[in-house]
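Engineer: For the sequence shown, this note's numbering assigns the number 893 to the last residue and increments by one with no breaks. Ideal Cβ placement from N, Cα and C applies to all residues, glycine included.
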Amino acid sequence: TPAKPPKRKFTPLSLLFFKVSLFNPDKWLTQHIDTLRWIWTRTFGLILCFFLAWSLAIGLSLRPEVIFTGQQLIASQGTSLILPFALLAMLVVTLHELGHAFTLKHYDGIIPEVGLLFMFLVPAAYTNTTDLYCLMRRRERSLVVAAGVICQITIAASAFWLWRSSANWLATASYLTMVAALFTVAVNLNPLAKFDGYYLAVALSGINNLRERSFKFYANLLGRHPSQEKPRDTLLLATYAPFSLLYTLLVFGSLFALVSDWTLTNIPFWALTLLSVWAIYFYWPQSTAFTRMNSSSSDARPQLKVVQPKITPTTPKTSKSVEPVEPTAAQTATPAKSYRGWAILSVIATGLSLVSFIPTPFEVGGAVELKTREGAREVVRTPIAGVVTKINVKPGQLVQRGHVLAVLSSWELDREIAAVEQQSDEARTTVEASQKQLIRAQAQLVEVSAAAAAMNKKATRERERAMALTQGKLTPEIQELEQEQQRLQQRVAEIGEKYGRYQFLYQQGAISKDRRDEIQAEQRDVQSGLAVKKKEIEAAKQKLTDTASDLQAETVSQQASINASQMIADAEGQMAVGREAIATLEKRLKQLKTLRESLTLRSPMTGVILTSDLDLKKNQELKPGEDFLLEIAELKELTAIVEVREEDLEYVQLNKPVTFRPRQAKLRPYNATVKMILPKIESEPDKPTRTARVQIVVDNRDGKLSPGASGYAKIWSEQIPLYQRLSRELQRLVPFEKFL
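1. Report the option in ILE235, ILE227, GLU689, LYS347 whose CA atom is closest to the CA atom of LEU270.
2. THR468 to SER295, Cα distance in whole Å?
3. Starting from GLN848, follow its DSSP beta bridges and name the residues at the other end.
4. What are the residues that DSSP puts in a beta bridge with TRP869?
5. Please report the distance separating the alpha-carbon of ILE192 from that of THR247.
6. Taking THR164 as the reference, give the member of GLY301, GLY519, ALA432, LEU742 with the closest Cα.
7. So what does DSSP say about GLY653, is it helix, strand or coil?
8. Taking one C-beta from the stretch 794-802 and one from the stretch 842-860 each time, how about it: are there three or more such pairs within less than 8 angstroms?
9. Measuring alpha carbon to alpha carbon, tell me which of MET758, GLY864, ALA372 ends up nearest PRO822.
10. Relative to the C-alpha of GLN638, which candidate in GLU803, GLU689, SER563 has its C-alpha closest?
11. Below 8 angstroms on the Cβ atoms is my guess for VAL541 versus GLN773; work out the distance and round it to an integer in Å.
12. Let me know the secondary structure DSSP gives ALA862 once reduced to three states.
13. What span of residues does the beta strand (DSSP E) with ARG814 cover, start to end?
14. What are the start and end residues of the beta strand (DSSP E) that includes PHE171?
15. Does the Cβ of ARG364 have 16 or more other Cβ atoms within 10 Å, making it buried, or fewer, making it exposed?
16. Does the stretch 378-393 come into contact with the stretch 321-338, if we say contact requires no fewer than three beta-carbon pairs (one atom in each stretch) closer than 8 angstroms?
17. Which of helix, strand or coil does DSSP assign to PRO874?
18. For LEU523, tell me which candidate among SER429, GLN872, VAL851, LYS809 has the shortest Cα-Cα distance.
19. Provide the residue span of the beta strand (DSSP E) that contains PHE510, from first to last.
20. With DSSP as the reference, label PRO237 as helix, strand or coil.
21. Tell me whether ASN341 is buried or exposed, calling it buried when 16 or more other Cβ atoms sit within 10 Å of its Cβ.
22. Residues in its own chain within less than 7 angstroms of VAL517 by CB, not counting five upstream and five downstream?
23. Buried or exposed for PHE171, please, with buried defined as at least 16 other CB atoms from any protein chain shown within 10 angstroms of its CB.
24. When the Cα of LEU189 is compared with those of GLY212, PRO237, LEU251, which residue comes out closest?
25. Grab the span of the beta strand (DSSP E) containing MET331 for me, first residue to last.
26. Secondary structure at PHE368, three-state DSSP: helix, strand or coil?
27. With distances taken Cα to Cα, identify the nearest neighbour of ASN545 among ARG669, SER756, ALA580, LEU357.
28. Just to confirm, is the Cβ distance from THR753 to ALA594 under 9 angstroms?
29. According to DSSP, MET272 sits in a beta bridge with which residue or residues?
30. Between the alpha carbons of LEU411 and MET272, how many angstroms are there, rounded?
31. Alpha carbon to alpha carbon, how far is ALA825 from ARG526? Give it in angstroms, no decimals.
32. If we count Cβ pairs, one from each stretch, closer than 8 angstroms, do we get three or more for the stretch 298-314 versus the stretch 204-212?
33. Suppose contacts are defined by Cβ-Cβ distances below 9 angstroms. Is THR535 in contact with LEU566 by that definition?
34. If you follow the alpha helix (DSSP H) that VAL219 is part of, which residue opens it and which one closes it?
35. Taking the alpha-carbon of ASP187 as reference, which of GLY231, CYS202, HIS259 has the nearest alpha-carbon?
36. Figure out for me which residue from LYS666, PRO379, GLU647, ILE592 has the closest Cα to the Cα of ALA724.
Rendered as structure tokens:
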């Protein structure tokens, strides 16, 4: 076997990618391959293709349900899914590598090694399948590379059907297995990284070392050197190189920016110290004994050169052959003792000594989360229950004091306002009716008063006439009747005397009987007229008495039946009650309208809307004292709590300057000051150190920082030499007091 090259010195870039070999699985694979050869038959391949196609069709049709299930799992379990997801992903990757190994073993390949590889310190499995390049057929090489991906897709499809037919924890595990398989498939199929996607592209195209040859193609093209690539491969090489370069710059640039930002923010001096120690280690000259050991190991065994076999169509795959190569003189020569390394070491030591006296600012602090200041935030609530009908602002919007934020509506309030308005209208109608009744009563009172006065006057006159009649004083009408009665009495007397003469003459035969009868008839007429006059006189007297009585009775009846004053009093009472009811209703209506105006929510201050998902609050009911619509805060200054170790508290003072560096890479550092040192020293069970809480105020006049943003706060203390700074940093990391 060829001699292993000397072990290189460690560099930080070694952490990006390194392998750990575990064992040689070839014997175990050979023992079990015969029981699995049915997997590579045409029948099983067709069944597998049908199964995968059917699973894909059903999965695409259920895509909304799959996405919704994932959202529910994230919402309910959150970060607790990371560990089982990582374990299942490792299981999928292990089966993936077994797929490579068994497929290569099916074609009689050799798998000399399996192990773990760490890429960016993330563990994964690997299988040494370099023997696939000895396979004659491209289809076989492609199948070896694609076997892992096919295995992952099969796991995803099987987990999909298990998720559809199970419940509880098994459904969750199946779903995570499906997602882990699909995720690793997406990562593996990336042809720009040296995963299965890259080697599959190599196998399908037949271009070994695709990445190196694509860059060499451009190097020859730019250097105007002739290219040895086949014309049919130039298009693929020309296309692959730019994308590979862009991908490399993107990945390593992002990684370098992330590590640099975290290092310079959290452990800048420790990073400088470790880098200096590594530089001393890396540039320290190797000892003579170590060089001799390497030389002797090289002398003990001749170097071997790997020679690729020449494969012909009639030659089956062969193993690689080796030829001994004579060691060079430089390798066998004994190195002379050199003082150059000691000189370099002295220069480095002197430089570090001078650097250690450079004054540096000593700062204490740590990770913080920004919050709004006390008194600089307001929660907008509704005074009464209502439904949000309109929202006029958006999250992050700057609003002025009095700005209309939202409009709410209350069906109960509107119904009560309508009822009060109806009652108020009815009360006004009642007052108007009472007012009209009052006017009519007043008019009636005037009329009744005038009629009563005239009636009283007439009744008085008639009473006076009746009293005069009783006293013998006759009215002109009765006197006239009595005069006519006296005339008739005189006429009766005259006719009676005349009748007596005519009776005498008749008896003497002087006149005829008819003449006498005429006088007798005239006498009877006068007597009847006299009787009529007497009756008329008595009727006139009786009428005069009756008229006085009737007038008196009529006046009393009218005053008793039509009491206008009482009507006026009643009307005035009704009007007073109605006006009082109107006043009460108007007061209540004013209160209700004020409440309705309060449903138009206005900003109590000038600030920024902090609440997110405002659109989801539309058409929702808000209750007073329980639900709030949104939160407004003034963001010119933000506060944060810095946890300072108890032993570093002596370096913190009020109004000391603070530098706050947000996590957002595009934001500049912000100035801050120490506002308060809380008097209580706290200790948490999960933290071995005791800490004090220091409140800082961050200047955010540009408004780019938001509450909830995280970052690092460094409280400036004093200027100290670098070696003191390093000693303090060391004391922070190592609790020496525990060993004293």
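Structural biologist: Working from what's here:
1. By 1-based counting over the sequence shown, the position of residue 270 is 117. Selected option, being the one with the closest Cα: LYS347.
2. Within the sequence shown, numbered from 1, the residue matching residue 468 stands at position 315. Within the sequence shown, numbered from 1, the residue matching residue 295 stands at position 142. Here THR468 scores only 36 on pLDDT, less than 50, and its place in the model is too uncertain to base an answer on.
3. Working through the sequence shown from its first residue, we reach residue 848 at position 695. Looking at the DSSP assignment, GLN848 forms a beta bridge with ILE794, MET829.
4. As a first step, residue 869 is located in the sequence shown; it is residue number 716 there, counting from the start. According to DSSP, which records beta bridges pairwise, TRP869 is partnered with GLU516.
5. Here residue 192 is taken as the residue at index 39 of the sequence shown, counted from 1. Here residue 247 is taken as the residue at index 94 of the sequence shown, counted from 1. Taking the straight line from one Cα to the other gives about 18 angstroms.
6. What you label residue 164 is simply residue 11 of the sequence shown in a count that begins at 1. Of GLY301, GLY519, ALA432, LEU742, the residue nearest in Cα terms is ALA432.
7. Counted from its first residue, the sequence shown places residue 653 at position 500. Of the three classes helix, strand and coil, the one that applies to GLY653 here is helix, per DSSP.
8. Touching, yes.
9. Residue mapping note: residue 822 aligns to position 669 of the sequence shown, counting from 1. Of MET758, GLY864, ALA372, the residue nearest in Cα terms is GLY864.
10. Residue numbering aside, residue 638 sits at position 485 when the sequence shown is read from its first letter. The option with the nearest alpha carbon to GLN638 is GLU689.
11. Position 388 of the sequence shown, counting from 1, holds the residue named residue 541. Position 620 of the sequence shown, counting from 1, holds the residue named residue 773. 6 angstroms between Cβ atoms; contact.
12. Residue 862 sits at position 709 when you count from the first residue of the sequence shown. Shown here, ALA862 sits in coil according to DSSP, grouped into three states, outside any helix or strand.
13. As a position in the sequence shown, residue 814 is number 661, starting the count at 1. Looking at the DSSP string, the run of the beta strand (DSSP E) that includes ARG814 is 810-815.
14. Counted from its first residue, the sequence shown places residue 171 at position 18. Residues 170-176.
15. Position 211 of the sequence shown, counted from the first residue, corresponds to residue 364. Per the 10 Å Cβ criterion, buried.
16. Verdict: no, contact absent.
17. Taking the sequence shown and counting its residues from 1, one reaches residue 874 at position 721. DSSP places PRO874 in the strand class (E or B) of the three-state scheme.
18. Translated into positions along the sequence shown, residue 523 becomes position 370. The shortest C-alpha separation from LEU523 is found at VAL851.
19. Locating residue 510 in the sequence shown gives position 357, where the first residue counts as 1. Annotation for PHE510: no beta strand (DSSP E) segment contains it, and DSSP assigns it neither H nor E.
20. The residue you call residue 237 lines up with position 84 of the sequence shown. The three-state reading of DSSP puts PRO237 in helix, counting H, G and I together.
21. Mapped onto the sequence shown, residue 341 falls at position 188. Taking all protein chains in view, the Cβ of ASN341 is crowded by 16 or more other Cβ atoms within 10 Å, so the residue is classified as buried.
22. Position 364 of the sequence shown holds residue 517. Correct list, in chain order: VAL797, ASP801, TYR804, VAL805, ILE868, SER870.
23. One-based indexing of the sequence shown puts residue 171 at position 18. Its Cβ having fewer than 16 others within 10 Å, PHE171 is exposed.
24. Along the sequence shown, one-based indexing puts residue 189 at 36. For LEU189, the nearest C-alpha among the options comes from LEU251.
25. As a first step, residue 331 is located in the sequence shown; it is residue number 178 there, counting from the start. For MET331, no beta strand (DSSP E) run applies; the uninterrupted alpha helix (DSSP H) run containing it begins and ends at 321-341, by DSSP.
26. Locating residue 368 in the sequence shown gives position 215, counting from the first residue. The answer is helix: DSSP assigns PHE368 an H, G or I state.
27. Here residue 545 refers to the residue found at position 392 when the sequence shown is read from its first residue. Residue SER756 holds the alpha-carbon nearest to the alpha-carbon of ASN545 among ARG669, SER756, ALA580, LEU357.
28. Taking the sequence shown and counting its residues from 1, the one referred to as residue 753 is at position 600. Taking the sequence shown and counting its residues from 1, the one referred to as residue 594 is at position 441. It is not a contact, given that the beta carbons lie outside the stated cut-off.
29. Within the sequence shown, the letter at position 119 stands for residue 272. When DSSP reads this structure, MET272 sits in a beta bridge with PHE170, VAL275.
30. In the sequence shown, the residue the question calls residue 411 occupies position 258. In the sequence shown, the residue the question calls residue 272 occupies position 119. Using only the alpha carbons, I get a separation of about 16 angstroms.
31. By one-based count along the sequence shown, residue 526 stands at place 373. By one-based count along the sequence shown, residue 825 stands at place 672. When rounded, the distance between both Cα atoms is 13 angstroms.
32. These segments touch.
33. Taking the first residue of the sequence shown as 1, we reach residue 535 at position 382. Taking the first residue of the sequence shown as 1, we reach residue 566 at position 413. Cβ distance not < 9 angstroms, so THR535 and LEU566 don't count as in contact.
34. The residue labelled residue 219 in the question sits at position 66 within the sequence shown. It spans 216-230 - the alpha helix (DSSP H) in which VAL219 sits, taken as one unbroken run.
35. Numbered from its first residue, the sequence shown carries residue 187 at position 34. Minimum Cα-Cα distance from ASP187 among the listed residues GLY231, CYS202, HIS259 corresponds to HIS259.
36. Looking up residue 724 in the sequence shown gives position 571. For ALA724, the closest alpha carbon among the candidates LYS666, PRO379, GLU647, ILE592 is that of ILE592.
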